[in-house]
Every structure is written in C-alpha cells, then in structure tokens.
Amino acid sequence: MADERRFLGPPRLTSLAAVLGASGGDGVTGDPDRLFEGVAPLDAATPSQVSFCEGRAYQAALSNTQAGLILVSANLASAVPAGSLAVVCRDPALAFGRVASLFHPVPPPSGQIHPSAVIHPDATIGEGTEIGACAVIEAGAEIGRNCRIAPFALIGAKVVLGDDCIIHSHCSVSHAILGRGVVLHPGARIGQEGFGFNTTADGRFITAPQLGLVRLGDAVEIGANSCVDRGALGETVLGSGTRIDNLVQVGHNVRTGRGCVLVSQVGISGSTTLGDYVQAGGQSGITGHLNIGSKVRIGAQAGVMNDVPPGIEVLGSPAAPKKEAMRAMLILKRLGSESRPAAKPKSE
Amino acid sequence: MADERRFLGPPRLTSLAAVLGASGGDGVTGDPDRLFEGVAPLDAATPSQVSFCEGRAYQAALSNTQAGLILVSANLASAVPAGSLAVVCRDPALAFGRVASLFHPVPPPSGQIHPSAVIHPDATIGEGTEIGACAVIEAGAEIGRNCRIAPFALIGAKVVLGDDCIIHSHCSVSHAILGRGVVLHPGARIGQEGFGFNTTADGRFITAPQLGLVRLGDAVEIGANSCVDRGALGETVLGSGTRIDNLVQVGHNVRTGRGCVLVSQVGISGSTTLGDYVQAGGQSGITGHLNIGSKVRIGAQAGVMNDVPPGIEVLGSPAAPKKEAMRAMLILKRLGSESRPAAKPKSE
Amino acid sequence: MADERRFLGPPRLTSLAAVLGASGGDGVTGDPDRLFEGVAPLDAATPSQVSFCEGRAYQAALSNTQAGLILVSANLASAVPAGSLAVVCRDPALAFGRVASLFHPVPPPSGQIHPSAVIHPDATIGEGTEIGACAVIEAGAEIGRNCRIAPFALIGAKVVLGDDCIIHSHCSVSHAILGRGVVLHPGARIGQEGFGFNTTADGRFITAPQLGLVRLGDAVEIGANSCVDRGALGETVLGSGTRIDNLVQVGHNVRTGRGCVLVSQVGISGSTTLGDYVQAGGQSGITGHLNIGSKVRIGAQAGVMNDVPPGIEVLGSPAAPKKEAMRAMLILKRLGSESRPAAKPKSE
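Residue numbers (the numbering used here), protein chains in the order written: chain A, 1 to 348; chain B, 349 to 696; chain C, 697 to 1044.
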C-alpha cells in the first residue's frame, strides 16, 4: 500500500482508546495507549492497522488476516484470529468509516482564493471558503462559509450555495439554490436548460423557455458528469440527503424526496416525482410525469413506465413488481435452456 | 416563485395587446392596455400572470387557477374559470413559449471578450460575439457573429462556428464545422477521436487514425455532457434542427437527417445513418452500420440491431416493430402474473 | 473532402515504396517513385489516393472505386478494378492505419508550457512535455516526458503520469498513477470519490472514506466524459492496453486485466473483477462484486448479475449464455409475431 500512502500522507498514529471511542464498540480490553497507524482491508492489514469485516462473505479473509484490530459484528466475533483484537459493532462498516476518518481526517478548506480565480466584484464569498485555480464566480453569486470550490468550477450568476459545500473541479452550476453541505463531484452539470421544445407548423423545433431553477437540499451529493436540468416553469428539486452516482440524468421539473439513491447511469425524465428514500439501480430509467412512491426500489436496468405505489420493488423493462418480473424471467430462462425450441402444438 | 424570480430579474410588464399578438389567438376582448407581469404554471399563477393549459390531464388545475389570462385549446376553453381571460390557440404550449419570451427575452450577446480569455492571434472572431472568462480559442478558429462562448469553453484549431451559436461552459469543440445557431450545452464533447482501433498479430490495439471531422447543421442542439466523435475517414454529420439531450453518445461517421430527436443517454454506434425526423427514446441504443429510415420512432431502452424502414415504431431489446413487441411483452406479463409457474405439458 | 483537409493540413506526398513498406503487403510492381497524396474511403478516393477494402460488405464500392492503390485481403484482390494497384494484406484495416499515419503523422508534443497554465512549484514536469492554456498542475504531481496536457486539464496533487501520456482538455485526474502512453479523452474523470456510504441509525447517509487510488496500466485509453472512481480501500485498476469508450462508468475497486474493451455507456459496479481481453458491448452493465473471466464477451445492453466463466459469450438482461439467450429471444419473437395473442389451453 506504499502507493496508496502517496495520497494519504504520512501515517497518523491513533491510540486504541481513540479507535474504541470512534467505533462505538465495547468489550475489548488492552493497553489503551497502544498505537495504530492506519486502516486497511483484511487481506492487506498489518498488526499495526485496523480493519473490519463486512459480513460472512469475507469470513475466509477474516480467518487469515494479520490486522491488529478488527471491527466485526457479534456473529463473526468468534472467527477473529487469536492474534487480533476484536471490537464488536452493530454496523462494522459504519464504525470503520468513523475510525478511518481518525487516521485520515479531511483537512478543512484553506480559506484561500487562488489569484487565477475570476470572481465578479458583486459575488459574495463566505468566511473560510477556499477557491481554487481558474475557478469562475459570476455576478451576484452568494457562496456560504467554509465551502471548497475547485479549479475550473463555474458558479453562475445569482447562484446560492449554503455553508460547507464542496464543488469539485469542472462543475457548472447555474440557476440553482444549494443547501448546506452539498457535494458536486467533478464535471457535474447543474441548472442548464432542460430538453423542452415545441414544433412549429412547418416542422421546426422552438425551445420552450426554461425559466425555472434547481433546488438541492442539504447534504445532497451529485456524481461525476451527472446532469440536473433546471425547471421549465418552477423547480427541479432533490430532497435533503439524496445521493446521485456518476453519469445520471435528472430531467427538468423532477422532484425527489429525502434520502433517494440513484445509482450510476440512471435516467429520470421530466416532471416525474419520487417520494422519500427511493432507490434506483444502475442504468434504470423512469419515464416522465410519473409518481414513484416512497421507499420504492427499482432494479438495475429496469424501465419504469407507470406510477409505482410506495414500498414496492420493481424489476425489468418494462418494469413490473418483483415477484411478477422474476416469474417471467424464470419462465423465459426455462424456455431458453430447453434442449430444443419450444414446440407449437401439433394441431397448428 | 420569489426564488425563481432571482434568476429572471425584475418583472417586465407586457400589455394584453402584446400577449394576444404573440399568442396568435383570437376572440378575446378586454382592455388592450391591461398589463401582465409574468408567466406561471396554472397552479401558481396570479391574476397578473399568464398561464396555459397543456391538455386534458391538467383540467383540474385549469378549473382552480387564479391566472389572469390562459392560453388554451378550443376544446378546453369552456373550462376556463370565470375570473380569467381565455385565449384559444391551436398549440397552447407553442404560443405560451412565445408569450414567455415577451416577459423574459434572452439578452443578446454582450460583444465583450473577457480579459482572462486566451485567444490565439490567428483566430477570427465575428462582430458582436461574447467570449467569457477563461475561454480558450485556438489558432485558425473562425467564429461567426453574435455568438456566445461561455467560460472554460475550448474552440479548437481551425474549428468553424456559424453566426448566433451558443457554446456553454466547459464544452470542447475540435475538428468540427458548425452551422448557424448551434447550441452546445455545458460539457458537450464535439470532435474527439472515435473508438476505432485494429489489433496487431501479438494482440495489441493500435488506434486507427481518426482523420475526419464533425459537421453540425444549422440550429442543432447538443445536451450537457453528450459526445459526438469525429469521423474516422470522412464526416460525422448531424442534420439541421437535430436536438440531442444530455449524456448521449454519437459514434464516428454517424449521419442523421434533419430534425432528429435523441433523448437522454441514447447511444448510436459508428457509421449508422438516420433519416429525417427520427426519434429515439431515453437510453435506447443503435448498433453500428445500420440504416434507420425517416420518421422512425425508437422506444425508450430499445436496442436496435437491424435496419428499420421509414415510419416504423420499434420497441424492446432486441427491438421489434411495436405491435410485435407489445404482444410479446403482454404474453410475458401474463406468464409472470399467473399464480403458479407456467406448467409444461404433462406428457413431457 | 476539402473541408476535411482543413484539419489535416496540406497534402503530404508519399511514394509507392513507402506505402508498400508501411502496408507490409507484397506482390505489387510499379514505379517505386510514384507519389500519392492522401488516403480516402473507397467511394471518395481519387487516383492519387490510397484506400482499403474492409471486407465483402464493401465489394460494390471496391468495384467502382477510383483509388490509385488499394489495400485488400487476398480473397478480394480479383475484384480490384483494372485502373488501381492492389496490395494484398492479411489485415487491410491495420495496414491502412499504418499508411494513413504516413500521410498524417501526429506531430510530437511541442515541449512548450502555455503562460496561462497554473503549475505548482512542487510539481515535476518531464522533458518535452507540452502543457496547454489554462491547465492546472497541483503540488507534488509528477508528469513524465513527452506528455501532452491540453487546456483545462487538472492534474491533481501527487498524481503520477508516465511518459508519452495524452491528457485531453477538461479532464480531471486525482488520486491516480498512470503508466506510459495513457490517453484520456476530453472530460474523462479519473480518481474521484466512489459511491460508497453507510446509513446511520437515524437514516442519514455518511460517506465511507474513499482512501484508495486509480492505477492505469500502459497504453490504457479512456473515452470522453467517462468516469473511473478511485478505490475505497486499495485500488481501482485498469490493465495495460484496456480501451474504454465514451460515457462509461467504472466503479471503485473494479479491476480489469489486460486489453479489455468497454464500449460506450457501459457501467461496471464496485469491486467487480474482469480478466484479460473481456469485451463489453454498448450500454451493458455488470453488478458489483462479480468475477468475469478472461475473454468473456458481453452483448450490448446485457445485464450481468452473476459470475461468468472464461471465454463465454453472454446476452440479455439478465444476461445468459448466448445460446440460451438467443433461444429465449427467438421464442419471445415468435410469440410476439403470431397473428393473435397466444391462447391459453381451453381447459383453463
């Protein structure tokens, strides 16, 4: 892991006591002053590193690990090798995240503005905010405190950013109001015109004025090269805590509730509404003007063409409730795996 | 809509006479000097605003609206509330677009070149063209009049742009000749090398020289983060008026006719030809070296693997004519929704 | 082809002897001093240009071509018109690539650093490397010799680039170690945080620290606007010679062997491993934590949800071995194309 350390910097020592405090675990005794120097996966960890076990699938790696301390669920604690300390946690992955942050804390924004950044005199920049090389901030933009604006980011005219936002490199943000702690990964496109046009009597397309905006709730995250178009009239809204992966398309006037999760390459057409905690698998699509209930789960590559009531899981293209879709897939699979093409009835 | 107004600027007053002139409607009487101050959707419009009704699906909103003036089709005119003026239009959405532009006209390009832009002395910039902060224009580029080049746009060596083009932020354009009024949304990639290579006897891949270009007809629009590769030999061509949504892939040597519409996340493989007015739904794909006839409609998520004659609608993956695909989907749906797995004939 | 020449520069004359040497063909006699002035496809080539015939599909074009010299496979040599010289090659497309490079050699990097580039004093830039306008190179980056860094590229802190890399415009590279001869097309995103988070007891998402990196082998190519996330713990690895088309998503901790080919809009979820020479068709997807064997071929739009043993071809969503998937598709097609909906047995 020498190369990995290249990006992590020198090891930061952390005591057993600090690890235990961060992990929320209990039941371990040992020298509270014992020091650890990093985190690693089970198969690479050394006796001076902390690791964790995600579940039964990793039981073999757990048995063979050299890790000095392992965060583990109760049912796997007995599989921890004798040479390692075990810390039982209800959610080892969550606990490990906290511990990893002890060793590799994210440095706060520098509060510096690179001299090559182009900032309009009418823009407002909050205290502690860092602005990278060649970033451009247009007139009337209002940027909160302790934000981080990376190189080549464009914050358009009158855009509002809450405190603690992170705008990675090459993002464009226009016609948008962002809450606190929003994260935009590199190349995300927020607030551009949606895909709306009318056809004239002689067959030409005329863009329908796209007069709305994008509103991102607190702690929304948008992946690299994903696109969120602004509302045509009114708003495109992503509820607080919603997480979007890379290369996702969100059409104009889409609205999501809180805590939705859209995996890579999902597409949502215009004016569709999602409730809270909807999950859409990779490459799935939802057509326009639909209502998707809260806690709906949409399978990878599914094609949703109708409203979905809350709590349902749908699969397939066109998407159907899981049970129905699975049965159809099984039947098709059985037809396909027969040794000869399915015969038509002889009488035909 | 206070926040929306943030991006629209102060209200611009427009008279009833102007609204009527722009809408092409007739049959309304009223004080021609009456003033309106904006547009809004039916459910948000005030008595001083203009709205429109898209169709029967919005009839309830129509009955309850407070809008002062409503553009409406003849068959819904009687549903307009007593307090609102109704203007009957053949195409209310198209008419509304015109009216909205009265209230929110797009300002012309400023004609100014930002001092941070990097413009090669051999490039030609037409009169009235605006060039934003940190844009880069390379040697020999020829940019027409009244264009708008946004921050971080790259116009590569010898690229040609017609008049009235809008190149949004972070676009890259190389090896390309653009007509008049072309619009590239943020992060669009035009003219990069296509995905073409040969394999040597010892299994290495060697890039096939990509010597061609991209030619975009007048009024072509390309969505955010979409990609159009240049021809390998010869040209990749998008016909006039073609509209492409976000995150679309157009491979090298693809050719489309006029007025094609490609919805978000469509992919078209190399050397495929589309006629005029082809429509491809979201996330659909077309393999390479095919001929797709004029006015073909391709369903969302369809996978087109064979030529399609003009005027046909295809669905599914692999794509089939609509009637055939719908029947197969229905049969599969019925199989899936039966209460038990479909039985094999007893004799087997 | 006048417009194409715009981007190619003035014709470069090459002798018959040079063409023959580059093509590896044999059996042609003729004046070795005869000069050619370019390459073109069969249907556009003039008597002073060189062309090639890809295969039987182009036999009609071959019969009618005006090309002065044609690279052709043995079985088509007899179809070359009398006025043209034929050069028989084992792989005409590969040979043509070599010949095209004679006429249109790629100029070497200029070795110049544009004055508007922002280069941290702690970065190391190899000899002969060209850095374009407004590129940003952060602290501790190490860039090899004879690289080409285009405008608006961001090379992040401590990133390593081998010799002869080409980083096209608007790319972002962070937390990454690149081998020799890597090519990143415009807007590629390398090394950003992966999509990994844990859920707290009260339903909030907490980003799992993404502490790893991306390692790209020699001669890897990544298409425009494609994304490769860094490892969460450990590395995301693309083996030498792997080629990725535009708009592809590679999740954190994915590992590929040598010479894999991922066509446009493919998505690979986190922690999946591909062997050598795996080929994935356009818009196909692979879920996370799978093992895909060497030389597996995945059809366009396929959805791979299980491990695939080496050498297998899979199709469909969910993906199945080709024979099985084809049979199921045929059965479904037959059901769909019957003149009436498939009847249930009368007894039901």
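Note that beta-carbon positions come from the ideal geometry of N, C-alpha and C, so glycine has one too.
Since we're looking at a predicted model, the values are computed, not measured.
Give me the Cα-Cα distance between residue i and residue j, rounded to the nearest whole angstrom.
i               : j                : result
Y58 of chain A  : A667 of chain B  : 41 Å
K671 of chain B : S1033 of chain C : 8 Å
L335 of chain A : I1027 of chain C : 8 Å
G418 of chain B : L211 of chain A  : The question names Gly, but residue 418 of chain B is Ile in the sequence shown. Whole-angstrom Cα-Cα distance: 18 Å.
P847 of chain C : A498 of chain B  : 15 Å
F891 of chain C : H871 of chain C  : 15 Å
Q627 of chain B : N594 of chain B  : 15 Å
C437 of chain B : S421 of chain B  : 5 Å
G858 of chain C : G877 of chain C  : 7 Å
N921 of chain C : A536 of chain B  : 9 Å
G126 of chain A : V652 of chain B  : 52 Å
R297 of chain A : I167 of chain A  : 29 Å
A415 of chain B : G251 of chain A  : 26 Å
Q997 of chain C : D729 of chain C  : 51 Å
F703 of chain C : H800 of chain C  : 10 Å
For residue i, go through chain C and note every residue whose CB falls closer than 7 Å to its CB, in chain order.
i               : result
P557 of chain B : G793, A796, S797 and H800
L8 of chain A   : L907
V466 of chain B : S812, A829 and C830
Q301 of chain A : G981, G999 and S1013
N146 of chain A : What N146 of chain A touches in chain C: nothing, since even the nearest Cβ is about 17 Å away.
Name the chain B residues that come within less than 8 Å of residue i, Cβ to Cβ?
i               : result
P121 of chain A : Within 8 Å Cβ-Cβ: nothing; P121 of chain A doesn't reach chain B, min ~13 Å.
H170 of chain A : F500, H518 and G535
D941 of chain C : F543 and Q597
P737 of chain C : L581 and G582
Closest by CA to residue i, which one among the options?
i               : options                           : result
L874 of chain C : C:V916, C:Q975, C:Q745 and C:S774 : C:V916
K681 of chain B : A:Q49, A:A328 and A:A77           : A:A328
H637 of chain B : B:G647, B:S619, B:V466 and B:G372 : B:S619
A714 of chain C : C:G822, C:C867 and C:L731         : C:L731
V611 of chain B : A:A157, A:A153, A:S269 and A:A95  : A:S269
E834 of chain C : C:K854, C:F792 and C:V746         : C:K854
G445 of chain B : B:L532, B:V609 and B:G372         : B:G372
Pick helix, strand or coil for residue i, following the three-state DSSP scheme.
i               : result
P693 of chain B : In this predicted model, P693 of chain B has a pLDDT of only 45, less than 50, meaning its place in the structure is not dependable enough to derive any value.
S520 of chain B : strand
A86 of chain A  : strand
L13 of chain A  : coil
L424 of chain B : helix
M305 of chain A : coil
R255 of chain A : strand
L356 of chain B : helix
R591 of chain B : strand
R993 of chain C : strand
R885 of chain C : strand
Taking the alpha helix (DSSP H) that residue i falls in, what are its first and last residues?
i               : result
Q59 of chain A  : Q59 to N64
L716 of chain C : L712 to S719
In terms of residue numbering, what span does the beta strand (DSSP E) encompassing residue i cover?
i               : result
E324 of chain A : That residue, E324 of chain A, is in no beta strand (DSSP E); its alpha helix (DSSP H) goes K322 to S337.
A93 of chain A  : Taken as a continuous stretch (DSSP letters only), A93 of chain A belongs to no beta strand (DSSP E), being part of the alpha helix (DSSP H) at P92 to F103.
S747 of chain C : V746 to F748
F553 of chain B : F553 to T555
E931 of chain C : E931 to L934
V562 of chain B : L561 to L564
L943 of chain C : Note, L943 of chain C: premise wrong, no beta strand (DSSP E); not H, not E.
G314 of chain A : Note on identity: in this sequence residue 314 of chain A is Val, with Gly being the wrong assignment. Its beta strand (DSSP E) spans residues E313 to L315.
F848 of chain C : Unbroken run through F848 of chain C: none, as it is neither H nor E.
T199 of chain A : F197 to T199
Cβ closer than 7 Å: which chain A residues qualify as neighbours of residue i?
i                : result
A1016 of chain C : K333 and G336
D439 of chain B  : N198
From the beta carbon of residue i, is the nearest beta carbon of chain E less than 9 Å away?
i               : result
V957 of chain C : Protein chains A, B and C are contained in the structure displayed, whereas chain E is not.
Residues of chain B with CB closer than 7 Å to the CB of residue i, please, in chain order.
i               : result
R204 of chain A : G589
E324 of chain A : G684 and S685
H175 of chain A : F355
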